Amino acid sequence: MKRLLILCFLVFCSWANAFAQSNDLLLARQYNTNGEYQKALEIYQKLYKQDNDAYFSGYINTLLALKRFDDAESATKKMMRKYPTAIEYTIQLGTIYTQKKTPEKANALYDDLIKNLPADQGKITILASQFYQGANANYAIKTFLQGRKLLNIDDAFAYELITLYRFKKDKQALTEEYLNILPKNPLMVNQAQNALVTLFEGPADYDMLRVALLKRIQKDPQQVVFVNMLTWQFLQQKDFDQALNQALALSRRTINDGSDIYELCSTLVYNEAYDTAIRGYEYLISKGKEQPFYVTAKIELINTKNLKVTAGKYVASDLIELEKNYIDLLAEFGQNTSTAFAMQRLANLQVFKLHKLNEAQKVLEDAIKLPQIRPALLAACKLDLGDIYLLNGQPWEATLLYSQVEKEAPNTPVGQDAKFKNAKFAYYTGDFNWAKGQLDVLKASTSQLIANDALNLSLLIADNLAIDSAGTALKMYARADLQVFAQQQNKAIQILDSINIKYPDNQLSDDISMAKARIAIQQKSYTDAVTYLKKIVTEHPAELWADDAIFMLGDIYENQLNDKEQAKTLYQKIITDYAGSLYINDARKRFRILRGDTAS
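According to mature numbering (1 follows the signal peptide of the UniProt record, and there is no 0), the sequence shown holds residues -20 to -1, 1 to 580 in order.
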């Protein structure tokens, strides 16, 4: 019984002592956190005397905070004598020397550790980790590089070195390390590209990568991963022609299915490098019909040419060539559900660019008769055919098709689009009251674009009928508006110029300026467009088209005239003066980008 009591007493004393130490440790840490280092030291000194090993780190760090370097050095050397093989104490002594402003002593210790490294992967990793934990990334790198030599493995510790180089933002070393390991680890290409694009800051960095890649390719021209990286580098530099040239050269040297070229062409199209993408698709087609990407490349070639036309980056001969491409495609594959999309695009090209109304009408009349055509595409073809009927002097056939689509797809975006087209049909033909009734319903459309267009047209009608209930000047303006829609710019200008002559007291000044601005943009006459838009802003700042004009001006200055400061000023004007504008969100986003904000 007596022995049991003694044992219990000893256990209790041990527990009480441990509890006291735990409380003291928490208090010391709190003092350090508060910057009361002397109070913390008094506690750590007591704890350190009780257990050197357990409290060494806290004791030394507190001494260093108080700049008591000699005491810290003495305590560390004592632990080094006690544990001569424990490298952490040597590294701690180096840290003390560094803080004591004697880095040469620290480096001598560190160099000695690295010099005496064994060819043991585990021990190399431990030493590098000790350096890293001591916030000494440079010596962690030196350790891994020395370990690579000792092990005689060129890519040893590659992942660890990549992490350290990224931490140090050492662009050149990171580049070389990735290029060392990519041949054996080609699946790491995406990781390498993401890491480099995050770290690189401008053309000089990509030039450095290009030089490094060219050196590697000269040594090993068969290494595909380097050519792919070089292609990627050219893409980052927006040198699209060189990117495709590299990919084509690789494709010609190797036997492949062309998937790399096809994917690259998609990237080129996304970047609006249409001519370069066209060259890539033509290469895939030239490989022959038996190749897997022949059909898709042929379709995408035409799609890309269509995008080029839509973006206004074409010359007249491009239109004729594109029309021929569509016709050849339909001749080769026939008119069916798979080629209905081509029929629709051919018709749009013929209507709005080549002004071949009859040919376009025939194409779409055939398209809507195709069995099993997708409902969405069928609706789109019907609406386009309705537009052609309207432009071709068959207004009742046009409204019949619009009404069909509206009835077949009520309360859907395509149905609302059909309803809007019917309202515009009434507007074009002078039935303003019926048009306004339809437009007032559409002002609540789920499509913001349709809702805004409906609101603008409704206000246009209301403002002009309030002055002239017969809408005589407005009827003339509507005819001009129809010619703008048909991209018959010269006819539209003639009508617009006649309005002020025939009806000098009309209320359409800002509307005429906006119509002329849109025509000028269609014709790429951006300086003329700026003149018309500025007239709206200056003379009609509170009228219907004011915010549209300001946003359009901003877009022209930003993307066509390369005057970013002027664009930024205009976007800011939308934000400050037109808070209810449809363009407020786009204006805010563009303003922030031009201002250089990094956050979205």
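Ideal Cβ positions, reconstructed from N, Cα and C, are used throughout, including at glycine. Computed from a predicted model, the values in this text were never measured in an experiment.
Measuring CB to CB, does residue i end up less than 8 Å from residue j?
| i | j | result |
| --- | --- | --- |
| L287 | V249 | yes |
| A117 | K95 | no |
| A108 | E140 | yes |
| E303 | L329 | yes |
| G534 | Y551 | yes |
| Q213 | R190 | yes |
| G564 | I554 | Looking at the sequence provided, one finds Ile at residue 564 rather than Gly. Yes. Within cutoff. |
| R459 | I475 | yes |
| L371 | V331 | yes |
| I161 | D135 | yes |
| A472 | I499 | yes |
| A55 | I40 | yes |
| Y158 | I142 | yes |
| G238 | Q271 | yes |
| A138 | Y145 | no |
| I368 | Q396 | no |
| L193 | L210 | yes |
| T284 | Y306 | no |
| A45 | Y17 | yes |
| L454 | N470 | no |
| E538 | A529 | no |
| Y457 | I441 | no |
| Q126 | L89 | no |
| Y408 | L462 | yes |
| M59 | N32 | yes |
Using three-state DSSP, classify residue i as helix, strand or coil.
| i | result |
| --- | --- |
| P272 | coil |
| V510 | helix |
| V394 | helix |
| residue 605 | Past the edges of the chain, shown from -20 to 580, lies residue 605, and the structure says nothing about it. |
| G576 | coil |
| L334 | coil |
| T234 | coil |
| Q502 | helix |
| G38 | helix |
| G417 | helix |
| residue 620 | Residue 620 lies beyond the stretch modelled for the chain, which goes from -20 to 580, so this question has no answer here. |
| G560 | coil |
| E16 | coil |
| P355 | helix |
| Q217 | coil |
| N118 | helix |
| F147 | helix |
| L462 | helix |
| E243 | helix |
| T549 | helix |
| N565 | helix |
| I133 | coil |
| G292 | coil |
| P183 | helix |
| G74 | helix |
Grab the span of the alpha helix (DSSP H) containing residue i for me, first residue to last.
| i | result |
| --- | --- |
| F49 | 49 to 62 |
| L524 | Careful: L524 lies outside any alpha helix (DSSP H) and carries neither H nor E. |
| D477 | 469 to 482 |
| P83 | 83 to 95 |
| M168 | Here M168 belongs to no alpha helix (DSSP H), and DSSP marks it neither H nor E. |
| Q110 | 101 to 113 |
| L313 | It is worth fixing the name first, because residue 313 is Phe in this sequence and not Leu. F313 -> alpha helix (DSSP H) spans 296 to 313. |
| A66 | From DSSP, A66 is part of no alpha helix (DSSP H); its letter is neither H nor E. |
| P375 | 375 to 388 |
| Q428 | 428 to 447 |
| S266 | 254 to 266 |
If residue i sits next to residue j, beta carbons under 8 Å apart, how far is it from one beta carbon to the other, in whole angstroms?
| i | j | result |
| --- | --- | --- |
| L562 | Q418 | So it is not a contact: roughly 20 Å between Cβ atoms. |
| E252 | L281 | Actually they are not in contact, since the Cβ atoms of E252 and L281 sit about 16 Å apart, beyond 8 Å. |
| Q384 | K362 | 6 Å |
| A415 | A406 | 4 Å |
| L524 | N432 | Not quite, the Cβ-Cβ distance comes to about 11 Å (not below 8 Å), so this is no contact. |
| Q217 | Y242 | Wrong, their Cβ atoms sit about 22 Å apart, outside the cutoff. |
| A495 | I536 | A495 to I536, Cβ: 16 Å. No contact. |
| T234 | V204 | 7 Å |
| residue 586 | L27 | Summary: the structure shown does not reach residue 586, with the chain confined to residues -20 through 580, and so no result is reported for it. |
| I353 | A320 | 5 Å |
Taking 7 Å as the cut-off, does the CB of residue i come closer than this to any heavy atom belonging to the ligand NAD?
| i | result |
| --- | --- |
| Q271 | As far as ligands go, the structure on display features none, and thus does not contain the ligand NAD. |
| said: Using a Cβ distance threshold of 8 Å, determine whether the region 161 to 178 contacts the region 226 to 245, with at least three qualifying pairs required. | reply: no
| Can we say the region 514 to 531 touches the region 486 to 494, given the rule of at least three CB pairs closer than 8 Å? | yes
| message | With three or more beta-carbon pairs closer than 8 Å as the criterion, would you say the region 45 to 57 touches the region 76 to 84? | response | yes
| query | Do the region 346 to 355 and the region 315 to 335 make contact, defined as three or more Cβ pairs closer than 8 Å? | reply | yes
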